[in-house]
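Student: The structure is given below, and queries will be raised subsequently.
Protein chains: 2
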Amino acid sequence: MFNYLVNVMKQDEKRGLLKQKVFDAAFQRIQEDGLNGLRARDIAKDAGCSLGSLYNAYQDLDDLILNVNSRVLEMLQEHISSNVGKEQNAEEALVNLAVNYMNFAYLHYNLWTSLFGHTMQDNAPIPDWYTEQTNATFLTLVAPLLKLRPELDEAQAFILVRTLFSAVHGIITINLQERFISIPKDMLEIQLVDFVHTYAEGLKNKA
Amino acid sequence: MFNYLVNVMKQDEKRGLLKQKVFDAAFQRIQEDGLNGLRARDIAKDAGCSLGSLYNAYQDLDDLILNVNSRVLEMLQEHISSNVGKEQNAEEALVNLAVNYMNFAYLHYNLWTSLFGHTMQDNAPIPDWYTEQTNATFLTLVAPLLKLRPELDEAQAFILVRTLFSAVHGIITINLQERFISIPKDMLEIQLVDFVHTYAEGLKNKA
DNA sequence: CAAATAATTGAACATCGTTCATTTTATACT
DNA sequence: AGTATAAAATGAACGATGTTCAATTATTTG
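Chains A and B are the protein sequences, given in the same order.
When we follow the working numbering, the leftmost residue of the first sequence carries the number 1085, and every step to the right adds one.
When we follow the working numbering, the leftmost residue of the second sequence carries the number 1085, and every step to the right adds one.
If you want it as structure tokens, here you go:
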């Protein structure tokens, strides 16, 4: 369907179309089979193009994966900050951020592990645009916190959010790794909420 | 050297010798080049045996890696709990555990990431002996804490240590990942110590 | 010392990511 | 419209990799 449209399209629009189809195929593969199950030939088959066309649309698999992960970062950013900022106090905002993050990890497990489990081939450096986006995602998390705790300057808030996020990330990561004893999701949520409250309690008593 | 000894050895002792040489080669490769740089042919060359002999000594690369990681776990366990338990209070013990953990991550970065970055081929399950050792390592961390906080039962102490360890692990992991802005080691240590104190402060005010 | 058993070998296989000469398709020009 | 030029798509081929296994070599046994 819509094939008749192709005849009217400019060339770079068609290039974009192929790029989009390759992207969608890769995204779906990662979502369903995980990053480890990603194969160039499978992507090409799903996208309905030849193997070589993959490397016309993207430089290599790393490039494609980074683009998928970039989209996942956007999803994470959107998901994690939903319903955050309307709370009465900063502590509840932190709790909600943590619980939202946990829910994203459960809901999009393969996408989430792709974010943190991907490594570049031959120890190639991660491109700047990707690291910048990653760190920019943190900055958006700082915003709602700053609104609730205006006495903090941005640097302090950044450190606070980053420490807390890293800790929450670790608690969820360890629990979801197969090599560790896992507790059920509802128990993890309780543990997570308790952790954030405890940490927030400690923060209060230091000020 | 010691080759003359081989003539006197029983067969299974020689098998152990080969297994040991393969293990040593793999360990060194992971330590120097990281898990991603591990190649079966390189290991065989380093161990001075044929490619096929690798699969005589170990079932596959996963098996070999798990054995290396098992040794790394032992190293980690030993390193992390050194000089812990002689403190005056529980809080200092927790701080020392965290700092020791951080130092191990910096000192043996490739080995440390091998512990958490390895995934089995074809989503094969991690063998029981390995998950049991992983979780047993946690139990040894509980022991010094229990000595200092005898009012906790073992289950409570286990949860406490695990939560704290996971959080510390996350803070270090995020900081050491290339995609995130990193802070220097001494700053990370300050942040880590501050984090544990803050969390411990929160724990006190809940009791 | 010969037969049986075990260990070792490395060529061969399947599967990857990636490349590139060739073919096909689209665009530009007269 | 027809030809020439450029761009895009193709898939066979390459090199690297983990793994296997028939053949070879070494060891133990009777």
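Positions of the beta carbon are idealized from the N, C-alpha and C atoms, including for glycine.
Given the structure is predicted, the values throughout are model-derived calculations rather than measurements.
Would the segment 1203-1210 of chain A count as touching the segment 1135-1147 of chain A if we require 3 or more Cβ pairs under 8 Å?
Tutor: Yes, the segment 1203-1210 of chain A is in contact with the segment 1135-1147 of chain A.
Student: Since I believe His-1253(A) is in contact with Gly-1201(B) (beta carbons under 8 Å), could you give me their beta-carbon distance rounded to a whole number of angstroms?
Tutor: Indexing the second sequence from 1 puts residue 1201(B) at position 117. Indexing the first sequence from 1 puts residue 1253(A) at position 169. Actually they do not touch by this definition, with Cβ atoms about 15 Å apart.
Student: Please state the DSSP three-state secondary structure of Phe-1264(A).
Tutor: Reading the first sequence from its first residue, position 180 is the one you call residue 1264(A). In this structure, Phe-1264(A) counts as coil in the three-state DSSP scheme.
Student: Could you spell out where the alpha helix (DSSP H) holding Ala-1141(B) opens and where it closes?
Tutor: In the second sequence, counting from the first residue as 1, residue 1141(B) sits at position 57. Ala-1141(B) -> alpha helix (DSSP H) spans 1135-1141.
Student: Going by alpha carbons, who is nearest to Asn-1153(A) out of Leu-1199(A), Asp-1278(A), Gly-1100(A)?
Tutor: Along the first sequence, one-based indexing puts residue 1153(A) at 69. Nearest option by C-alpha distance: Leu-1199(A).
Student: Using DSSP with H/G/I as helix, E/B as strand and the rest coil, what is Asp-1278(B)?
Tutor: Stepping through the second sequence from its first residue, residue 1278(B) is reached at position 194. It is helical.
Student: Just mark Leu-1272(A) as buried or exposed, buried being the case when its beta carbon has 16 or more other beta carbons within 10 Å.
Tutor: Within the first sequence, residue 1272(A) is the residue found at index 188, counting from 1. Burial call: buried.
Student: Determine the chain B residues that contact Lys-1290(A) at a beta-carbon separation under 7 Å, and present them in chain order.
Tutor: Residue numbering aside, residue 1290(A) sits at position 206 when the first sequence is read from its first letter. In chain order: Thr-1282, Glu-1285.
Student: Go through its chain and collect everything with a Cβ distance to Ala-1174(B)'s Cβ below 6 Å, but skip five positions before and after it.
Tutor: Reading the second sequence from its first residue, position 90 is the one you call residue 1174(B). Within the same chain, Ala-1174(B) has close Cβ partners Leu-1232, Arg-1233.
Student: Less than 8 Å between the C-beta atoms of Phe-1222(A) and Arg-1155(A), yes or no?
Tutor: Within the first sequence, residue 1222(A) is the residue found at index 138, counting from 1. Within the first sequence, residue 1155(A) is the residue found at index 71, counting from 1. It is not a contact, given that the beta carbons lie outside the stated cut-off.
Student: Below 8 Å on C-beta distance, what does Glu-1262(B) contact in chain A?
Tutor: Counting from 1 along the second sequence, the entry for residue 1262(B) is found at position 178. Per Cβ cutoff of 8 Å: Pro-1209, Ile-1210, Thr-1215.
Student: May I have the straight-line CA-CA distance separating Leu-1157(B) from Asp-1212(B), to the nearest angstrom?
Tutor: The sequence position of residue 1157(B) within the second sequence is 73, counting from 1. The sequence position of residue 1212(B) within the second sequence is 128, counting from 1. Cα to Cα, the separation comes out at about 15 Å.
Student: Run through DSSP, which three-state label would Gly-1118(B) get?
Tutor: The sequence position of residue 1118(B) within the second sequence is 34, counting from 1. In this structure, Gly-1118(B) counts as coil in the three-state DSSP scheme.
Student: Tell me the rounded alpha-carbon separation between Tyr-1190(B) and Gln-1161(A).
Tutor: As a position in the second sequence, residue 1190(B) is number 106, starting the count at 1. As a position in the first sequence, residue 1161(A) is number 77, starting the count at 1. So the two alpha carbons sit approximately 30 Å from each other.
Student: Listing by chain order, which chain A residues have their CB less than 8 Å from the CB of Gln-1275(B)?
Tutor: What you label residue 1275(B) is simply residue 191 of the second sequence in a count that begins at 1. Near Gln-1275(B) (Cβ distances below 8 Å), the residues of chain A are Ile-1243, Thr-1247.
Student: So which residues on chain B does His-1253(A) lean against when the C-beta distance must stay under 7 Å?
Tutor: Counting from one through the first sequence, the residue named residue 1253(A) turns up at place 169. Per Cβ cutoff of 7 Å: Gly-1254, Ile-1258.
Student: Would you mind telling me which residues of chain A sit closer than 7 Å to Ile-1265(B), beta carbon to beta carbon, in chain order?
Tutor: Locating residue 1265(B) in the second sequence gives position 181, where the first residue counts as 1. Asn-1219, listed in chain order.
Student: Near Leu-1230(B), what residues of its chain come up, given a Cβ to Cβ distance below 6 Å and the 5 sequence neighbours on each side ignored?
Tutor: As a position in the second sequence, residue 1230(B) is number 146, starting the count at 1. Excluding positions up to five away in sequence, the list reads Ala-1241.
Student: Quick check on DSSP: helix, strand or coil for Arg-1246(B)?
Tutor: As a working mapping, residue 1246(B) is identified with position 162 in the second sequence. Three-state result, Arg-1246(B): helix.
Student: Could you give the distance in angstroms between the alpha-carbon of Glu-1216(B) and the alpha-carbon of Met-1204(A)?
Tutor: For the purposes of this step, residue 1216(B) is identified with residue 132 of the second sequence, where counting begins at 1. For the purposes of this step, residue 1204(A) is identified with residue 120 of the first sequence, where counting begins at 1. So the two alpha carbons sit approximately 31 Å from each other.
Student: Taking only the alpha-carbon atoms, compute the straight-line gap between Ser-1137(B) and Lys-1170(B) and give it to the nearest angstrom.
Tutor: Residue 1137(B) sits at position 53 when you count from the first residue of the second sequence. Residue 1170(B) sits at position 86 when you count from the first residue of the second sequence. Approximately 47 Å between the Cα atoms of the pair.
Student: What would DSSP say about Ser-1154(A), mapped onto helix, strand or coil?
Tutor: Position 70 of the first sequence, counting from 1, holds the residue named residue 1154(A). Three-state result, Ser-1154(A): helix.
Student: How big is the Cα-Cα spacing for Asp-1275(A) and Leu-1248(B)?
Tutor: Translated into the one-based positions of the first sequence, residue 1275(A) becomes position 191. Translated into the one-based positions of the second sequence, residue 1248(B) becomes position 164. The sequence given here places Gln at residue 1275(A); Asp does not occur at that position. Cα-Cα distance, rounded: 11 Å.
Student: Does Thr-1203(B) come out as helix, strand or coil in the three-state DSSP assignment?
Tutor: By one-based count along the second sequence, residue 1203(B) stands at place 119. Thr-1203(B): coil per DSSP, three-state reduction.
Student: Can you list the residues of chain B that Thr-1203(A) reaches, using a CB-CB cut of under 7 Å?
Tutor: The sequence position of residue 1203(A) within the first sequence is 119, counting from 1. Here the neighbours are Asn-1120.
Student: Have a look at Val-1280(A) and Leu-1287(B) and give me their C-alpha separation to the nearest angstrom.
Tutor: In the first sequence, the residue the question calls residue 1280(A) occupies position 196. In the second sequence, the residue the question calls residue 1287(B) occupies position 203. Taking the straight line from one Cα to the other gives about 11 Å.
Student: Please classify Ala-1177(A): is it buried, with 16 or more other beta-carbons within 10 angstroms of its beta-carbon, or exposed?
Tutor: The residue labelled residue 1177(A) in the question sits at position 93 within the first sequence. Buried, by the Cβ-count rule.
Student: Less than 8 Å between the beta carbons of Leu-1044(B) and Arg-1113(B), yes or no?
Tutor: Because residue 1044(B) is not part of the residues shown, which for chain B are 1085 to 1291, the question remains open.
Student: Listing by chain order, which chain B residues have their CB less than 8 Å from the CB of Phe-1111(A)?
Tutor: The residue labelled residue 1111(A) in the question sits at position 27 within the first sequence. What Phe-1111(A) touches in chain B: nothing, since even the nearest Cβ is about 19 Å away.
Student: Is any beta-carbon of chain B found at less than 8 Å from that of Ser-1154(A)?
Tutor: For the purposes of this step, residue 1154(A) is identified with residue 70 of the first sequence, where counting begins at 1. So, not an interface residue.
Student: Who are the neighbours of Ser-1198(A) on chain B, taking C-beta pairs under 7 Å?
Tutor: Taking the first residue of the first sequence as position 1, residue 1198(A) is located at position 114. The contacting residues do not exist; Ser-1198(A) stays about 12 Å from chain B at best.
Student: Say whether chain B places a C-beta atom closer than 8 Å to the C-beta of Val-1092(A).
Tutor: Translated into positions along the first sequence, residue 1092(A) becomes position 8. Any answer about Val-1092(A) is weak, because its pLDDT of 47 lies below 50 and its placement is not dependable; what the coordinates show is given next. False, the Cβ-Cβ gap to chain B never drops below 8 Å.
Student: Could you tell me whether any Cβ in chain B is nearer than 8 Å to the Cβ of Phe-1279(A)?
Tutor: On the first sequence, residue 1279(A) is found 195 positions in, with the first residue counted as 1. Closer than 8 Å: yes.
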